[in-house]
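> Mind having a look at this structure? Questions to follow.
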Amino acid sequence: MKNIKKTTCALMASAMMLSMTGCSFLPSKNDPDDVIEAAEAFAEGAADCDFDEMSKASAEDFEDDCEDWEERLDFNNEDLYGEKASQFISAVARTIDYEIDEDSVEFKKDKAQVDVVFALSDYQTILDEDHIFISVMLESLDDVGEIEIETTFELEKEKGEWVVVNYEDIMDDLYEFTTCELTDRIADQSEHINDIWWNGDGYESETPDHLICNFSASQCDYFDVAITTDGTIDVYSLYATIECNGQLVSTQYTSAVMLGTWTDGAPLDSSGQYLEAGMYTITFYDGNGDVVIVLNANIF
């Protein structure tokens, strides 16, 4: 009888201890750290403009809802942005950082939210200027201040894990810089080209807008192209790269470029007597590294 009383008393004491400590020995139903960890995963993916990483931290409908964003976050897509705009947008994206306000976590039944602030270079200040060179725009990103984008991540549980559900609103706010109309703001140096001269095995052209030349591979052992300017561009600062089917084969510091079978690195056909068939892209740059004009020679 005494043993039974002792056991009963011990159980009652344990129950009282649990009630007095507010069940501190039991796991909390909603842990703020879990929400912060989920928000961190999405925020890091967003700062890196990584579509796949954001998808992993989002609700399962993310890829269907954000299909267009997968293409828009490919900043190397010159068909979408254009070459120079692509350079600027990529540079802006690399400045993105974030901070999570860990004290802002709130729970509402089976939902949670937390405040996240993104920061990036104040690109809009740069865009207030019209017709500036892309090199100046890129350099200016290091000199301008930052802008902050305040967001609130809304999360819900899927399969027991917290995931971000308002991803579309977050991406629309954060990636607004991808929607800027840059074409009219970036100076087009090709307008300062007076003449384009092509030569190669009997082919000659002096038509200013003649951007593509075709040469017969059966007789093409060289080609050259020269440009003249209206003086706005320092012709002595010009240099050019030559690519064949996307591969760099030559860099020349001149306004008159020549590629022949004797040029170091020139791609040759199987006979070794002629240039390899393919699309040759000649890109002229000024002394700042800005593209002046892009020309193509198709050897077939």
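Throughout, my numbering is defined as the position within the sequence shown, counted from one, plus 122.
Every residue gets a Cβ at the ideal spot worked out from N, C-alpha and C, and that includes glycine.
When the Cα atoms are used, what is the spatial distance from Y361 to V413?
10 Å
> Please state the DSSP three-state secondary structure of Y358.
When secondary structure is reduced to three states using DSSP, Y358 falls in the helix class.
> Among the residues of its own chain, which have a CB less than 6 Å from the CB of S177, if the five just before and after it don't count?
F184, E185
> Starting from M347, trace the beta strand (DSSP E) both ways and give me its first and last residue.
The residue asked about is misnamed: residue 347 is Val in this sequence, not Met. Element bounds for V347: 344-351.
> For T376 and S338, what's the separation of their Cα atoms in angstroms?
26 Å
> For L195, which of helix, strand or coil comes out of DSSP?
In this structure, DSSP gives L195 a state outside helix and strand, which the three-state scheme calls coil.
> Going by CA-CA distance only, name the one from L277, G382, N367, D174 that's closest to D156.
L277
> Since I222 and I158 are thought to touch, with beta carbons under 8 Å apart, how far apart are those beta carbons, to the nearest angstrom?
6 Å
> Ordered along the chain, which non-local residues of its own chain (more than five positions away) have a Cβ less than 6 Å from that of F229?
Answer for F229: N152, listed in chain order.
> Does chain B have any CB closer than 8 Å to the CB of L263?
Judged by its chain identifiers, the structure shown contains no chain B, having just a single protein chain.
> For my contact list, D291 and I271 are in at a C-beta cut-off of 8 Å; report their separation, rounded to the angstrom.
Going by Cβ atoms, the distance from D291 to I271 rounds to 11 Å, so no, they are not a contact pair.
> Nearest-angstrom Cα distance between D346 and G382?
8 Å
> Could you tell me the alpha carbon to alpha carbon distance between G400 and N336, rounded to whole angstroms?
10 Å
> What three-state label does DSSP hand S212 in the structure shown?
Per DSSP, reduced to three states, the secondary structure at S212 is helical.
> Measuring alpha carbon to alpha carbon, tell me which of V287, E268, L249, A378 ends up nearest V357.
That would be A378, whose Cα lies nearest to the Cα of V357.
> Do Y396 and D80 count as a contact pair if the criterion is CB distance below 8 Å?
A question about residue 80 goes unanswered here, because the residues of the chain that appear run from 123 up to 422.
> Residues in its own chain within less than 8 Å of T273 by CB, not counting five upstream and five downstream?
For T273, the CB contacts under 8 Å within the same chain, skipping 5 residues up- and downstream, are D237, V238, V239, F240, D291, I292, D295, L296 in chain order.
> What do you reckon, are the CB atoms on F164 and L195 nearer than 8 Å?
no
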